[in-house]
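Okay, so here's the structure we're looking at.
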Amino acid sequence: MAAVAMGYDTAVIGGTMALESFRRDFGMAAKNNDTVQGSIVSSFQGGCVVGSLAMFPLAERLGRRVAVVISAAIFMVGGILMTAAQGTLAMVVAGRAVAGLGIGACSLIVPVYIAETAPPSIRGRLVGIFEIASQAGGMLGFWINYAADRSISQGQPAQWMLPLGLQLVPGALLGAGILLCPESPRWLALQERWEEAGKTLAALRRLPGEHDHVRNELAEMAQQIRERAARRLTFGGMVKKLVQRGVRNRVGIGLLLMACQNLTGVNVVTYYSPRLFETLGMEATETKLFATGLYGVVKTAGMLLFSFLLVEKLGRRMGLIWGALLGSLPMWYLGVYVMKVEPQAEWAKRNAWGYLGLACIYLYGFIYCATWQGITWVYCSEIFPLDIRMLCTALTTAHQWLWSFLVSRTTPYMLTSMGYGVFLLFASLMVAMGIWAALCIPETKGHSLEDMEDLFSSSKFKAVWHDLVPKKQKVSVQVVRRLAPADNKKRRSGVVVSPLPK
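Sequential numbering from 2 applies to the sequence shown in this note's numbering.
Here it is as structure tokens:
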């Protein structure tokens with residue numbers, strides 16, 4: 002429900018601003034239209050930045066369940082403010098900001114809760130399902146606007162109140178549903194509530210409390226907690242570790258990945274899709290909203306492909322490279338088409354090239370969701386050291402929302418002043434991202450979390466070079482250097498490696 006709420010609130014606002022009733026009641030036909038749209042959209046991302054950072058200490062102190070309940074309550078307050086605005090633009094902006102506080106907090110806490118409660122064998126798949134639910138919520142937001150435009154008269158405020166009010170449903174279900182879920186057994190163990198942790202873990206695994214699997218998992222949990230306690234860092238110590246060798250490159254890659262995710266231009270399409278379709282020559286509100294709904298369907302299909310096929314078969318690094326390079330092609334075409342044809346002009350006629358432009362938007366959404374949408378979150382969840390992982394996750398999550406804020410705030414002005422240049426700009430940026438991923442992003446697929454220390458402690462170019470020109474014997478020697486004793490041969494994970502040369 003957290004993912005559905007996040008996806009719905011992200012996607013619904015673009016279509017709502019295109020409804021005639023909303024534009025009339027909130028004066029959207031005025032000359033400051035770009036400023037109004039930018040304020041409404043970006044206030045949500047601004048709230049998400051603050052929420053993702055502020056919830057970090059609360060979740061550590063109060064627990065995951067309480068943090069989710071607080072987040073859901075804050076989100077619902079924001080939804081109520083938006084729905085009750087009645088022509089007051091300031092209430093819409095304030096409601097978006099408050100809702101952003103709740104969604105930003107959920108985007109940090111819920112993935113952590115999933116990771117701490119799920120069995121290791123399906124943990125990655127559940128994170129993928131979280132992303133699928135987010136895209137499904139976005140698709141629902143697109144189609145709710147279309148249904149409101151078709152079924153409710155333009156003269157009634159209910160036409161825009163219904164899409165904004167429905168966001169309260171996933172918020173309420175999230176707040177009520179989390180109360181039916183157990184607390185994270187890992188958080189309980191951190192509080193030294195071992196009896197509760199054991200009962201909770203047994204219930205989650207559907208096994209007796211004395212089962213060997215439950216006992217072994219509790220023992221591993223206790224070992225991790227002892228190691229964490231032995232090297233417990235103050236906040237100042239955590240900050241110092243962020244800039245240590247072997248850590249600062251991981252933090253830098255995580256922050257850059259989240260920035261690049263937004264610089265692909267996805268938020269231009271998601272938040273302003275009706276206006277974007279207008280740029281391609283569509284005028285009727287109903288037609289623009291229908292096209293936007295199809296865009297949501299295509300993005301969800303791309304996310305399904307990522308979660309169940311590409312993430313483990315293609316790998317993180319190759320997914321980023323191919324996603325950026327292939328995703329730039331539709332953007333290049335859109336830029337050239339809008340530059341040459343000027344589809345918004347009165348004399349322009351719809352032809353096959355125009356329909357190809359519409360198809361390019363759908364193709365772009367599919368490629369993005371099959372690669373950059375999920376890979377960035379997966380990569381950032383697995384590369385950071387255990388003792389500062391929560392802090393690093395909070396930083397990268399806040400950074401993602403910060404760049405989403407910057408892009409969404411400037412997009413209306415860019416669409417007005419740059420026109421076709423917007424597409425060419427993001428196409429160029431995606432090519433640069435593909436080159437950067439090829440040169441600077443090591444592959445993490447198949448590596449354990451412990452292997453990340455060695456992978457990122459060496460030169461980033463050296464680590465990437467092993468992916469570009471595989472040298473199996475050399476890689477094996479590096480693994481032995483860290484793990485193997487001075488015996489002749491050792492078998493790890495079914496691979497026999499030779500002893501170190503003297």
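Glycine is no exception: its CB is placed at the ideal position from the N, C-alpha and C atoms. Note that the structure is a prediction, hence the values are computed from the model and not measured.
Hey, would you say residue 112 sits closer than 9 Å to residue 382, going by beta carbons?
-> Yes.
In whole angstroms, what is the alpha-carbon distance linking residue 200 and residue 42?
-> Distance between the alpha carbons of residue 200 and residue 42: 44 Å.
Of the residues 6, 316, 18, 64, which one's Cα is nearest the Cα of residue 188?
-> It is 64.
Selection from 18, 39, 60, 3 that minimises the alpha carbon distance to residue 405 | Comparing Cα-Cα distances from residue 405 to each of 18, 39, 60, 3, the minimum goes to 39.
DSSP state of residue 86, grouped into three classes?
-> Reduced to three states, the DSSP call for residue 86 is coil.
Where in the stretch 148-215 do unbroken runs of the alpha helix (DSSP H), each at least 4 residues long, occur, reported from the N-terminal end onward?
-> Runs found: 159-166, 169-180, 186-191, 195-206.
Taking residue 321 and residue 372 to be in contact with their CB atoms under 8 Å, please state how far apart those CB atoms are, rounded to whole angstroms.
-> Right, the Cβ-Cβ distance comes to about 7 Å (below 8 Å), so this counts as a contact.
Can you tell me which of the three DSSP states residue 24 falls into?
-> Three-state result, residue 24: helix.
Proximity of residue 83 and residue 106 at Cβ, strictly below 9 Å | Not in contact: residue 83 and residue 106 (Cβ atoms no closer than 9 Å).
Is the Cβ-Cβ distance between residue 176 and residue 9 less than 9 Å?
-> It is not a contact, given that the beta carbons lie outside the stated cut-off.
Span separating the alpha-carbon of residue 409 from that of residue 385 | Their backbone Cα atoms lie some 29 Å apart in a straight line.
Using 8 Å as the threshold, is the stretch 435-442 in touch with the stretch 74-81, meaning 3 or more CB pairs across them?
-> No, they do not touch.
Would you report the Cα separation of residue 303 and residue 92, rounded to the nearest angstrom?
-> Cα-Cα distance, rounded: 35 Å.
Looking at residue 403 and residue 70, is the spacing between their C-beta atoms short of 9 Å?
-> Between residue 70 and residue 403, the C-beta gap is not smaller than 9 Å, which leaves the two residues out of contact.
Look at the Cβ atom of residue 251, then the Cβ atom of residue 155, and state whether they are nearer than 9 Å.
-> In this structure, residue 155 does not lie closer than 9 Å to residue 251 by Cβ.
Are the stretch 407-425 and the stretch 259-268 touching, with three or more C-beta to C-beta distances below 8 Å?
-> These segments touch.
Could I get the ranges of all uninterrupted beta strand (DSSP E) runs contained in the stretch 348-434, with 3 residues as the minimum, in chain order?
-> Qualifying beta strand (DSSP E) stretches: none in this window.
Rounded C-alpha distance that separates residue 127 from residue 4 = Those two C-alpha atoms are separated by around 12 Å.
Return the CA-CA distance between residue 116 and residue 131, expressed in angstroms with no decimal places.
-> Cα-Cα distance, rounded: 11 Å.
Within 10 angstroms of its Cβ, does residue 184 collect 16 or more other Cβ (buried), or is it exposed?
-> Counting the other Cβ atoms within 10 Å of the Cβ of residue 184 gives 16 or more, which makes it buried.
Boundaries (first-last residue) of the alpha helix (DSSP H) holding residue 325 | Residues 317-342.
Mind reading off the beta-carbon distance from residue 135 to residue 399? Whole number of angstroms is fine, and I expect it under 8 Å.
-> In this structure residue 135 is not in contact with residue 399, their Cβ atoms being roughly 18 Å apart against a cut-off of 8 Å.
Just how far apart, CA to CA, sit residue 413 and residue 335?
-> So the two alpha carbons sit approximately 17 Å from each other.
CA-CA distance, residue 237 and residue 172?
-> Residue 172 has its alpha-carbon roughly 36 Å from the corresponding atom of residue 237.
C-beta contact flag for residue 300 and residue 366 at 9 Å | Yes, they are a contact pair.
Would you mind stating whether residue 259 and residue 397 have Cβ atoms separated by less than 9 Å?
-> Yes; because the gap between Cβ atoms is below 9 Å, this pair is in contact.
Please determine, among 224, 456, 60, the residue with the shortest C-alpha to C-alpha distance to residue 394.
-> Considering only alpha carbons, the answer is 60.
Boundaries (first-last residue) of the alpha helix (DSSP H) holding residue 64 | Unbroken run through residue 64: none, as it is neither H nor E.
Can you tell me where the alpha helix (DSSP H) with residue 15 in it begins and where it stops?
-> Residues 3-19.
With a cut-off of 8 Å on the beta carbons, I'd call residue 369 and residue 324 a contact; round off their distance for me.
-> The pair is a contact, with the Cβ atoms about 7 Å apart (cut-off 8 Å).
So is residue 456 buried or exposed if we call it buried at 16+ other beta carbons inside 10 Å?
-> So residue 456 ends up on the buried side.
Compute the Euclidean distance between the alpha carbons of residue 96 and residue 211, then round it to the nearest angstrom.
-> Rounded to whole angstroms, the separation of the alpha carbons of residue 211 and residue 96 is 49 Å.
Quick one: grab the DSSP three-state call for residue 241.
-> Three-state DSSP puts residue 241 in a helix.
In terms of residues, what are the limits of the alpha helix (DSSP H) holding residue 254?
-> Counted as a single uninterrupted DSSP element, the alpha helix (DSSP H) harbouring residue 254 occupies residues 249-264.
Taking all protein chains shown into account, do 16 or more other C-beta atoms lie within 10 angstroms of the C-beta of residue 217, making it buried, or fewer, making it exposed?
-> For residue 217, the number of other beta carbons within 10 angstroms of its own is below 16, and it is reported as exposed.
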